[in-house]
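Only one structure is covered here, and it is reproduced in the block below.
4 protein chains.
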Amino acid sequence: MQNNTLDVYKAEVLIKKYREVRKHSESICAPLEIEDYVVQPVVDVSPPKWHLGHTTWFFETFILKSYFKGYEEYDAQYNFVFNSYYETVGARVVRTDRGNLSRPSVADVYSYRDYVDENMLALLQTDEVTDDMCTLLELGLNHEQQHQELLLSDIKYILGHNPLFPSYSKEKTVPLQPVTNKHFIPIGEGIYEIGYKGNGFCFDNELGSHKVYLEAFEISDALITNAEYLEFITAGGYQDFRFWHSEGWDWVQQNNVSAPLYWHSIDGRWMYYTLTGLTEIAPDEPVCHISFYESTAFAAWKGMRLPTEAEWEVASAHFNWGTRWEWTGSAYLPYPRYKKDEGAIGEYNGKFMVNQMVLRGSSVATPQGHSRTTYRNFFHPRLQWQFTGIRLVK
Amino acid sequence: MQNNTLDVYKAEVLIKKYREVRKHSESICAPLEIEDYVVQPVVDVSPPKWHLGHTTWFFETFILKSYFKGYEEYDAQYNFVFNSYYETVGARVVRTDRGNLSRPSVADVYSYRDYVDENMLALLQTDEVTDDMCTLLELGLNHEQQHQELLLSDIKYILGHNPLFPSYSKEKTVPLQPVTNKHFIPIGEGIYEIGYKGNGFCFDNELGSHKVYLEAFEISDALITNAEYLEFITAGGYQDFRFWHSEGWDWVQQNNVSAPLYWHSIDGRWMYYTLTGLTEIAPDEPVCHISFYESTAFAAWKGMRLPTEAEWEVASAHFNWGTRWEWTGSAYLPYPRYKKDEGAIGEYNGKFMVNQMVLRGSSVATPQGHSRTTYRNFFHPRLQWQFTGIRLVK
Amino acid sequence: MQNNTLDVYKAEVLIKKYREVRKHSESICAPLEIEDYVVQPVVDVSPPKWHLGHTTWFFETFILKSYFKGYEEYDAQYNFVFNSYYETVGARVVRTDRGNLSRPSVADVYSYRDYVDENMLALLQTDEVTDDMCTLLELGLNHEQQHQELLLSDIKYILGHNPLFPSYSKEKTVPLQPVTNKHFIPIGEGIYEIGYKGNGFCFDNELGSHKVYLEAFEISDALITNAEYLEFITAGGYQDFRFWHSEGWDWVQQNNVSAPLYWHSIDGRWMYYTLTGLTEIAPDEPVCHISFYESTAFAAWKGMRLPTEAEWEVASAHFNWGTRWEWTGSAYLPYPRYKKDEGAIGEYNGKFMVNQMVLRGSSVATPQGHSRTTYRNFFHPRLQWQFTGIRLVK
Amino acid sequence: MQNNTLDVYKAEVLIKKYREVRKHSESICAPLEIEDYVVQPVVDVSPPKWHLGHTTWFFETFILKSYFKGYEEYDAQYNFVFNSYYETVGARVVRTDRGNLSRPSVADVYSYRDYVDENMLALLQTDEVTDDMCTLLELGLNHEQQHQELLLSDIKYILGHNPLFPSYSKEKTVPLQPVTNKHFIPIGEGIYEIGYKGNGFCFDNELGSHKVYLEAFEISDALITNAEYLEFITAGGYQDFRFWHSEGWDWVQQNNVSAPLYWHSIDGRWMYYTLTGLTEIAPDEPVCHISFYESTAFAAWKGMRLPTEAEWEVASAHFNWGTRWEWTGSAYLPYPRYKKDEGAIGEYNGKFMVNQMVLRGSSVATPQGHSRTTYRNFFHPRLQWQFTGIRLVK
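Protein chains in written order, with UniProt numbering: chain A, 1 to 394; chain B, 1 to 394; chain C, 1 to 394; chain D, 1 to 394.
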């Protein structure tokens, strides 16, 4: 019985959070044309309708089918269409094919969401809510929040790579607080403890709070701005192999990279695409949409380096963060005593722990309440399409 | 003045034909969901909205901009988006990128059509209609008819490669007349004349009517049926390299081809996807969606061969044709005295005259009034997605 | 018994020819370093030691193993290593892998040749020589002669793509007779007969002598010279899409082609690599090492065209040929009544009859006695590494 | 003057070491046929003659040209041919092209070695030897020793991928001490110091000795044997995605990996290629030629993990090592305070510090005197062709 495991208050909180998170995904998509929901311009970008379906499939597969007696699957084919990479739960549409699927239609995907939401809310009001289910529910909501950030990144990519440069939003977003005074904050050497220790939600990759020994270092309290990054470009940073990793240099050459993603040199002026359209670059805003390769080349040019993820976590109380995911110099590897869960949920994080770099903080695209100082985000070093930035250490 | 060059009657005929052809493209798309207009599952298939825009762009670029004083371009960017392969008229969206463009939206494309149609009809009612313009208009209408056939092929590909197998049309099409009596028609040796000699419209590749010497041959009055093709499959035709061109054999191996496109062996039964959905194979209908490689392998297995295009044209009066494009054994090459037009229109046919094979006849997807015995269609030998079939010669 | 089928004289002729042909292959390789025998810089070029082994394998497989009682295979593995593309006779080393094989060593390949030669000569002196065997022997010798030409082409490619530009031969070859007077020879319209009708050796693709109807045409009695081709380059021929097939234009763009193979613009002077090393271009010699795409672009620029293979064959008595393989405008397709042989020998020609263009004549690299006016050579339109040239028709 | 910087004794030691190291490279190649020196079957494997030339080029470029007055370059082209990846010193033959170069011949490469050796020994006997030069000399010798190990790995790859499976050496190597008693050694938690602190030679990536905090762990004193690894295979380890990184699983699928490199299942028995030829697998020898992906999948199957490089270094005094390079769970990243050298030498290590994993120890192929507990080897996780093995931690 629910009363044994969860009090009524907690159920209400969960129901409220469920409603809010689910609604937020849809509000992100509200400005889109139906056509925008469908395309997949590169393999890393998924069609918005796929995100809407996939996050729904998560609740259906891991909660409704397991815990809600008598639940009838919405459409058996959707399991095939909306699975992302969970090998445990059957065949899936390979990632490069997502953009080839005109059906299910956007209207069908919204119906699917409604159907699953009704059932989820019905389930949450029964006596059958257990601790296990709540754990999965929280994971599902955090999973959807991660996809909300991806939705924004992917929508920006879809519209920003269209020759018509359509705007996503008419209203200018509130401009970011321009970066003005910059200081380097000294942190002393010693043993520190990192990793998640609280009682709230966190991902399995943050667990295993553990001690690390750090040498003394100084970390900037400000992100690198567009103006500073432009100096690197102007100084020939993209033409000088000495600042780059060997792989990074190959990436620059093969893709003719000469600026962050969305930057265009038009008639001698640097412009960039933002969610409100094409506009002149704001010099004081933090640089965005750069790869790990670019971050480390910039740092090398400055004669500095990126923080490790431990340094970042230890120092994070001393600066503002949250506008850009900050590349660290740490590879994404398991913490001591890391254990992945049994079953499909265990595929969430551990299997990606090779050849990716950790990013810390969060970005303007991260949903509220989804960030914390122990959060370990990770991407391949070549990727630019997230809202990424640079903080230096010396 | 128009009266010098064209009489009123001719103008009316043209206006009527313009209206009909333009409307037919839209009626082909009527059953689609908006999402279906957008995707491009393989490079050879274009998104339906691209076809609608591209055929419109043709009239705008080659007629309105050249002949209609004061015409204002609908959107300068569309030239970039909807050009297909005309190098003469500027940059174009590379073919593999068409499926990445969510904009212009479907509604925008229809507005574009309306705008161009209004202007075209206005132009056609002026005194400024000239012979040159009529020639381009007829080319533009025939061009749009060609894209009508591609629209059907591409829609079938888009829906037929979706795991939900949505149907395009609820009503069963009238079944094709089953093939029953088959005979081989003997044609005597001698000098024949092929190529277009009439006064109506034809493409430049049909011109240059010329003599050919043919040896005696016998040609079937019927197309190969699904049942006959199934015998080839069952006899291991796809596993025996001896029947295949070397390139064809590589194609079979690399793509694991084991049947025509859209055929699926489900629980031991052969099914195929048709525009009304997945259904059991009709044994008496002519086989469809096969590559040139498959056609010649089948013919070799039968100990026969495909007709040359000259043989086909000479014999065509003696059999019914029009349900399948029929692969011939002729490479697509210029006729004697072939001359391509000046300018962009000259890019229509000549530059494709290498590494493609000629198909003759027409198919169930060909618009009415668009076929004739001198028509030279052509595709790469590996392609299956057109409504292609086999007629044998011995 | 041999006396029934072949007289002693014929056997002696065959033995003599066998010795000569086999020796000639080795004399072609005499100037090579051992290292030159091993590499395969691109897929179309085979390592010289592979040619030496493969031609030997042909005699072993099709004659010794079939006809010589008690013959012991030299090494069962060689069947795997030296088969080229005969699917009938088992697995083979895929073409792209040939350059990865350091063994069998060059010495081993020569031992293999010696062993097979001894056995062949022994067999030829027995009573067991039959007509069938003679047919295969002649095919084997012609096959080896074809590989002699490939040997020279491949050696030139291997040395000509080495940054040290080593020379193959110290002595300058006798310069080709410079092209001086050029005339166009008129040929009247009418029915002509083409294809092989003699009693000597020919390939199966030349058989089926048949009538063709030709319109009147004029054909040049001279090949296009380097000087003439240079005019095309200087006039921007490689930068103007209008002269090119669509595929040819893609080939130019993707490979940055701007001149024939082996041409290098060094300090403003055009040089080319020849078998004696890097040297200045001889303006009066016939242009060499051009693709079909380049041939047709050049012809289009001149406002002329290439001959068809029938035109070439009909007119060939009226001009000198034999220094360059001449691209024709004909696709490589079967002649009427073409029948391929049973078994592995049947794979010789027929299975390549798609997506290749016919070349006629022969070249400076063709072994003596291996050319005739009905000979049908064929290559993919993109290939430049053979000794190819241009003759125009108007 | 030399006496100011180096005493005579040190010079003699250097001369002796130079002679020994240079001679050892040639003795490794002694059993090869000339053909074996030339080929490059995959991009990661270089032709042996390239290794011999490249190590020589290092001494010529960084020492003779800089420090030996009047030195005349052997051949200016060799700079182009034998540079590996040093962007600072000009164009280079791209790695995939090395196997296409038949010249310089093997004899030329040996002449090049002789010429450089004579000059190096002459220089070493002058008064001009300085500390800087000695630093470069030691780097050059360690560099050549690294290539000696690569030579053996590459020779094994070249011969082991030849269908004839030629043996490199007739004599069986002394069998490795079979692994018998296995124990897990406990190491207590605490602060440890890792990195190079001595006065001898080390690479820049080992410098920056620094403290690390380690939790308690237990490490095996023995490597995983073939027998143990076979259990993993038999248990279906290559078919169960749960044990693999996502990238590792893709690697298994795309390459059909089902065993370590060089293992062949022949008539139901597991054989492997060794430098003496194809032979039955020795169950008690440590498993070899496995990728990082395989190492971690095996560890996951055992419910254990790989050591981090810090754990390995701290525990290394407690077990025998030196037969297999041991994959660690550590990504290859800079140590604190890592600084790369100025100029070309600075390209040695730092630019590879992304997307590679660290290996510790050394292998049977490592030259004597070239290993130490602080040595940081690194390779991409997919690579199998080095002599790699597995040690577990729990």
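Each residue gets a CB set at the ideal place from its N, CA and C atoms; glycine is no exception.
- Task: Could you pull the start and end residues of the beta strand (DSSP E) that Thr308 of chain B belongs to?
- Result: For Thr308 of chain B, no beta strand (DSSP E) run applies, since DSSP gives it neither H nor E.
- Item | Residues of the region 28-41 of chain C whose Cβ lies closer than 9 angstroms to any Cβ of chain D, in chain order | Result list: Leu32, Glu33, Ile34, Glu35, Asp36, Tyr37, Val38, Val39, Gln40, Pro41.
- If the cut is a Cβ gap below 7 angstroms, which residues of chain B does Val43 of chain A touch? Simply none; closest approach about 12 angstroms.
- List the residues of chain D that Val354 of chain A touches, going by C-beta distances under 9 angstroms, in chain order. Simply His245, Ser246, Glu247, Gly248, Phe292, Tyr293, Thr296, Ala331, Asn355, Met357, Pro381.
- Query: Within the 8 angstroms Cβ cut-off, does Gly208 of chain C reach chain D?
  - Reply: Not a single CB atom of chain D sits nearer than 8 angstroms to the CB of Gly208 of chain C.
- Under the DSSP definition of a beta bridge, which residues are partnered with Ile345 of chain B? Looking at the DSSP output, Ile345 of chain B sits in no beta bridge, so it has no partner there.
- Message: If you reduce the DSSP assignment to three classes, tell me which class residue 401 of chain C lands in.
- Response: This structure cannot speak to residue 401 of chain C, because chain C is shown only from 1 to 394.
- Between the CA atoms of Glu347 of chain B and Trp325 of chain C - distance to the nearest angstrom: One C-alpha to the other measures close to 29 angstroms.
- First and last residue of the beta strand (DSSP E) that includes Ile187 of chain D? 184-187 is the extent of the beta strand (DSSP E) around Ile187 of chain D.
- alpha helix (DSSP H) containing Thr126 of chain C: first to last residue? Counting along the chain, no alpha helix (DSSP H) covers Thr126 of chain C, and no H or E run does either.
- Message: Only counting the same chain, and skipping five residues up and downstream in sequence, which positions put a Cβ closer than 6 angstroms to that of Arg382 of chain C?
- Response: Excluding sequence positions up to five before and after Arg382 of chain C, its CB lies within less than 6 angstroms of the CB of Trp251, Ser291, all in the same chain and listed in chain order.
- In chain order, what residues of the same chain lie with their CB nearer than 7 angstroms to the CB of Leu278 of chain C, ignoring the 5 residues before and after it? Once the five neighbours on either side are set aside, the close Cβ partners of Leu278 of chain C are Phe165, Met271.
- Message: Under 9 angstroms, CB to CB, which of the residues in the region 202-228 of chain C have a partner in chain B?
- Response: Across the region 202-228 of chain C, CB contacts with chain B closer than 9 angstroms involve His210, Lys211, Val212, Tyr213, Leu214, Glu215, Phe217, in sequence order along the chain.
- Query: Does any C-beta atom of chain D lie closer than 8 angstroms to the C-beta of Leu101 of chain C?
  - Reply: Closer than 8 angstroms to some Cβ of chain D, the Cβ of Leu101 of chain C qualifies, so yes.
- Query: Can you list the residues of chain A that Lys351 of chain D reaches, using a CB-CB cut of under 9 angstroms?
  - Reply: Near Lys351 of chain D (Cβ distances below 9 angstroms), the residues of chain A are Phe241, Arg242, Trp244, His245, Ser246, Glu247, Gly248, Trp249.
- Item | CB-CB length for Thr323 of chain C against Leu359 of chain C, believed under 8 angstroms | About 13 angstroms separates the CB atoms of Thr323 of chain C and Leu359 of chain C; that is not less than 8 angstroms, and the two are not in contact.
- Message: Taking 8 angstroms as the limit between beta carbons, can you name the residues of its chain near Phe201 of chain B, skipping five residues before and five after?
- Response: Around Phe201 of chain B, the same chain offers Glu138, Leu139, Asn142 as residues with beta carbons nearer than 8 angstroms, after the five sequence neighbours per side are excluded.
- Helix, strand or coil: which one does DSSP assign to Phe62 of chain D? In the structure shown, Phe62 of chain D sits in a helix (DSSP, three-state: H, G or I).
- Message: As an exercise, report each continuous alpha helix (DSSP H) stretch of at least 4 residues that is fully enclosed by the UniProt domain "Sulfatase-modifying factor enzyme-like" (181-331) of chain D, in chain order.
- Response: Whole alpha helix (DSSP H) segments, 4+ residues: 226-234, 246-255, 292-302, 309-315.
- Please check if any C-beta of chain D sits within less than 8 angstroms of the C-beta of Phe80 of chain C. Taking a beta-carbon distance threshold of 8 angstroms, Phe80 of chain C counts as an interface residue toward chain D.
- Between the CA atoms of Phe379 of chain C and Gln327 of chain C - distance to the nearest angstrom: Rather than Gln, the amino acid found at residue 327 of chain C in this sequence is Trp. Their Cα atoms are separated by approximately 9 angstroms.
- Item | Sub-8 angstroms separation of Thr373 of chain D and Glu313 of chain D beta-carbons | Yes, these two residues count as a Cβ contact at 8 angstroms.
- Item | In DSSP terms, what Val116 of chain A is bridged to | Within the DSSP bridge table, the entry for Val116 of chain A names no partner.
- Message: Check whether chain D comes within 8 angstroms of Pro186 of chain A, counting only Cβ atoms and requiring the distance to be less than that.
- Response: Pro186 of chain A does not count as touching chain D.
- Query: Who are Asn377 of chain B's beta bridge partners in DSSP?
  - Reply: Under DSSP, the beta-bridge partners assigned to Asn377 of chain B are B:Leu359.
- Task: Can you grab the Cα-Cα spacing for the pair Leu261 of chain C / Gln384 of chain C, in whole Å?
- Result: Going by the C-alpha atoms only, they are around 6 angstroms apart.
- Task: Grab me the residues of Arg19 of chain B's own chain with a C-beta within less than 6 angstroms of its C-beta, minus the 5 sequence neighbours each way, in chain order.
- Result: Correct list: empty, nothing qualifies.
- Query: Closer than 8 angstroms, CB to CB, is Pro286 of chain D near chain A or not?
  - Reply: Not a single C-beta of chain A is nearer than 8 angstroms to the C-beta of Pro286 of chain D.
- Message: Please state the DSSP three-state secondary structure of Thr135 of chain A.
- Response: Of the three classes helix, strand and coil, the one that applies to Thr135 of chain A here is helix, per DSSP.
- Item | Any C-beta of chain B under 8 angstroms from that of Pro336 of chain C | A Cβ of chain B is located within less than 8 angstroms of the beta carbon of Pro336 of chain C.
- Query: With a Cβ-Cβ cutoff of 8 angstroms, do His370 of chain D and Ser363 of chain D count as a contact?
  - Reply: Not a contact, by the Cβ cut-off of 8 angstroms.
- Mind checking if Met1 of chain B is an interface residue toward chain A, Cβ cutoff 8 angstroms exclusive? Interpretation of Met1 of chain B is limited by its pLDDT of 35, a score under 50 that renders its predicted location unreliable; the figure taken from the coordinates is listed afterwards. No - not a single Cβ of chain A is within 8 angstroms of the one on Met1 of chain B.
- Query: Terminal residues of the continuous alpha helix (DSSP H) containing Val81 of chain B?
  - Reply: Following the DSSP letters along the chain, one finds Val81 of chain B inside the alpha helix (DSSP H) bounded by residues 76-82.
- Task: Could you tell me the distance, in whole angstroms, from the CA atom of Ile185 of chain B to the CA atom of Val257 of chain D?
- Result: Those two C-alpha atoms are separated by around 56 angstroms.
- Query: Counting only beta-carbon atoms, is Ile191 of chain C nearer than 8 angstroms to chain B?
  - Reply: So yes, Ile191 of chain C belongs to the interface.
- Task: Consider the Cβ of Ser105 of chain A: report whether some Cβ of chain B lies at a distance smaller than 8 angstroms.
- Result: For Ser105 of chain A, the answer is yes, since a Cβ of chain B falls inside 8 angstroms of its Cβ.
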